[in-house]
Amino acid sequence: MQPRTLIAAVLVTSTLSFAALAVPVTSFQRSHIASGTSLSAAEVVQTSDGGYAYIGTRYVSSSRAEVTLTRTNSVGQPLWCSSFGIGLGRAEGVSLVQSPDGGFVLGCTTENAAIPGNRIMLIKLDSFGNPTAARAYDGLQLGRVRNASSGGYLIAGSRNAGTMSAFGPGVLIRTDANLNQVAGVSVIQPVDPNGTSTSIILSDLAENQRGDLYVTGRRDLGGMSSRSFLMNIPLTSQGFGAIQWANDYFAQHPGYGSGFGVTCAANGDAMMVARISHAPLNTFSSGVCRVNRIGGRLWGNLYTSGTNVSRITTSFTGNAIVGLQQPRGIMNLDSTTGNLQWARYSSQSTGEWGSGISPTSDGGYVSTGSSWSSPTLFKYDNQGWIGCNMRQATPQVVASTQTVAIALATVPIGPDCQVFLSHDIVTLIDEPMCFTQRCPGDYNTDQAVDFFDYLDFVADFSSAAPRADFNEDQNIDFFDYLDFVSAFASPC
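With positions in the sequence shown counted from 1, the corresponding number in this note's numbering is that position plus 191.
Put into structure tokens, the structure is as follows:
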């Protein structure tokens with residue numbers, strides 16, 4: 192390994208004299224406070240102009256809540272926050288996407304005496320946050336809304352089982368660009384021979400380039416027992432095709448299991464994240480697996496250290512990026528093996544929850560979280576740094592797969608209906624908690640580019656430490672040397 196070190200030293204010396212200016216990497220942690228009311232944050236996306244938007248909930252009273260959408264600039268400073276209510280009932284913001292026209296579609300769960308039972312609701316906004324359409328659908332709880340590749344939107348959620356609080360089967364809904372259903376609601380329900388399943392709750396869905404839909408969620412078995420699952424359903428011109436397969440990839444761990452998120456790899460595989468309990472019952476781990484298009488599991492790991500998971504996305508190099516809930520943070524996993532690359536915690540408190548996670552155009556990541564009464568926006572660089580805390584998690588390999596008996600039926604239940612909204616503007620106070628602009632050559636993240644960064648990189652590279660994969664191409668090779676030397680020699 193020593194010859195590589197000498198070559199790198201020569202490269203550093205020869206490059207210093209003519210390096211171009213490097214672009215600093217921005218990371219931050221900012222809370223947004225509304226005077227006299229409590230706010231929470233759920234999913235976040237980077238907008239087409241380089242800023243951010245996140246959906247949340249404004250708690251007006253014990254019986255009334257409103258959906259909020261907050262827009263920020265590229266460094267997390269709030270531009271505006273709009274709230275949307277449904278009279279005296281509750282409307283909670285869960286999921287959002289930016290629509291192709293630059294506006295937004297908000298996915299919500301509602302409770303209102305004027306609407307039969309609880310309902311899933313979508314709100315369509317223009318780019319300035321003004322509502323242009325709002326419709327409610329047969330269901331009880333929203334899991335996720337996504338853009339459909341053919342236009343319109345896909346919704347995963349759960350249906351009312353006959354009471355205001357009981358879950359029944361899961362539901363899949365497909366709409367056009369104006370939020371109107373294009374087919375009947377597809378009901379996902381268990382068909383276990385022993386009849387133990389009581390409900391299906393759908394949490395997330397992702398469409399691959401072939402038009403296959405991956406759907407994850409929770410299958411309740413009664414009592415304190417539930418199982419996570421992942422299924423494959425093709426999209427058709429009429430809505431949804433037949434289930435191709437449905438599997439529980441953490442079947443040997445009894446107790447509680449729930450699928451939280453799913454994303455697609457570049458080749459069409461699925462990567463799923465779940466919350467899994469193991470002996471003793473109250474011990475939870477983050478379960479992540481990669482599955483090919485025919486349902487075969489390529490790898491599956493449990494990541495301990497008491498982490499709870501939220502969503503999953505992919506890095507610009509294809510690695511799995513998992514949002515951690517409590518404490519808040521993110522985790523980077525090698526997409527071919529599931530090996531942990533790094534885990535960064537931005538909080539050590541068990542009273543603070545994380546939520547959505549999305550990639551950003553500069554190769555970093557953005558996530559949201561909530562602490563008591565105020566939402567927080569987190570911007571990480573491509574190595575997961577934010578200038579706050581860090582702790583590692585330990586992977587544990589899991590065993591075999593179990594096929595799950597789940598059926599899909601398309602039935603015309605509960606037509607969608609128009610919803611009338613109140614619209615208000617919420618004034619936010621910006622509270623920056625952490626803001627850094629780190630030069631790419633600042634390898635040890637001490638806010639200075641100096642020879643210690645070079646020494647630390649060489650030490651990691653010589654020992655093949657995962658962090659030495661500077662360009663995140665899942666190989667530690669001479670190109671990592673070249674890229675680091677270029678960054679090190681380029682002042683910001």
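Where is the CB? At the ideal position from N, CA and C, for every residue including glycine.
Cβ-based neighbour list, residue i, same chain, cut-off 7 Å, excluding 5 preceding and 5 following
i, result
"D633", "A639, V640 and D644"
"G284", "A233, I246, G247, T248, V258, T259, L297 and C299"
"A324", "K315, N369 and L370"
"S552", "Q237 and G241"
"C608", "R326 and A327"
"D651", "R658 and A659"
Proximity to residue i [Cα-Cα], best of the options
i, options, result
"I391", "F420, V373, D651 and Y344", "F420"
"E257", "F675, F611, A655 and F661", "F611"
"Y250", "S274, V362, E234 and Y243", "S274"
"S377", "I364, A368, V285 and L370", "I364"
"N338", "V362, L404 and G276", "L404"
"A282", "T627, G430 and H614", "H614"
"R410", "F431, L646 and Y440", "Y440"
"S558", "V235, I224 and A225", "V235"
"R629", "Q574, F652, F475 and I224", "Q574"
"F507", "D651, N523, I277 and D647", "N523"
"G280", "T527, S252 and T238", "S252"
"D292", "T238, T527 and L331", "T238"
"R350", "P322, I379, S340 and T366", "I379"
Supposed close pair residue i, residue j - CB separation, criterion 8 Å
i, j, result
"A457", "G509", "6 Å"
"C625", "Q220", "4 Å"
"V482", "Y494", "Wrong, their Cβ atoms sit about 17 Å apart, outside the cutoff."
"G187", "I434", "Here the chain covers residues 192 to 683 and nothing more, so residue 187 does not appear."
"V266", "P631", "The pair is not a contact, with the Cβ atoms about 18 Å apart (cut-off 8 Å)."
"G320", "L260", "6 Å"
"D674", "N666", "Not a contact, Cβ separation roughly 12 Å."
"W576", "S218", "6 Å"
"G348", "G359", "Actually they do not touch by this definition, with Cβ atoms about 11 Å apart."
Cβ neighbours of residue i in the same chain (closer than 6 Å, five flanking residues each side left out)
i, result
"G407", "For the record, residue 407 in the displayed sequence is Thr; it is not Gly. These residues qualify, in order along the chain: S394, D395, L421, G450, V453 and M463."
"R310", "T301 and A327"
"A368", "G342 and G343"
"I346", "V336 and I364"
"G520", "R535, Y536 and S537"
"T567", "S222 and G560"
"S208", "Caution applies to S208, whose pLDDT of 39 falls short of 50 and renders its modelled position unreliable; the value that the coordinates give is listed next. Excluding positions up to five away in sequence, the list is empty."
"P657", "Q532"
"S286", "E234, G298, R335 and V336"
"M355", "The pLDDT assigned to M355 is 45, lower than 50, so where the model puts this residue is not dependable; a value taken from the coordinates is nonetheless given after this. So the list is empty, once near-sequence residues are dropped."
"N399", "C455 and G459"
Beta-bridge partners of residue i, as assigned by DSSP
i, result
"M415", "DSSP, once it has assigned bridges, lists no residue as partnering M415."
"S286", "G298"
"I548", "S558"
"T505", "A511"
"W576", "In DSSP, W576 forms no bridge with anything."
"S390", "D411"
"A534", "M522"
"D615", "S274"
"T259", "G247 and S274"
"L316", "F295 and P322"
"P269", "T263"
"Q372", "T366"
"T567", "S222 and G560"
"N622", "Looking at the sequence provided, one finds Glu at residue 622 rather than Asn. Partner(s): S222."
"D403", "P425"
"Q332", "S349"
Cut-off 8 Å between Cβ atoms - residues of its own chain near residue i, not counting five sequence neighbours on either side
i, result
"G242", "R262, T263, N264, S265 and L270"
"I616", "W271, C272, S273 and S274"
"S290", "V296, K315, N338 and A368"
"S416", "P445, G446 and Y447"
Any C-beta of chain B under 8 Å from that of residue i
i, result
"Y440", "Of the protein chains in this structure there is only one, and it is not chain B."
Proximity test, residue i beta-carbon vs the ligand FMN heavy atom, cut-off 7 Å
i, result
"S222", "Among the ligands in the structure shown, none appear at all, so the ligand FMN cannot be discussed."
Item to complete: Taking 8 Å as the threshold, find out whether the region 522-538 comes into contact with the region 227-236 through three or more Cβ pairs.
Response: Touching, no.
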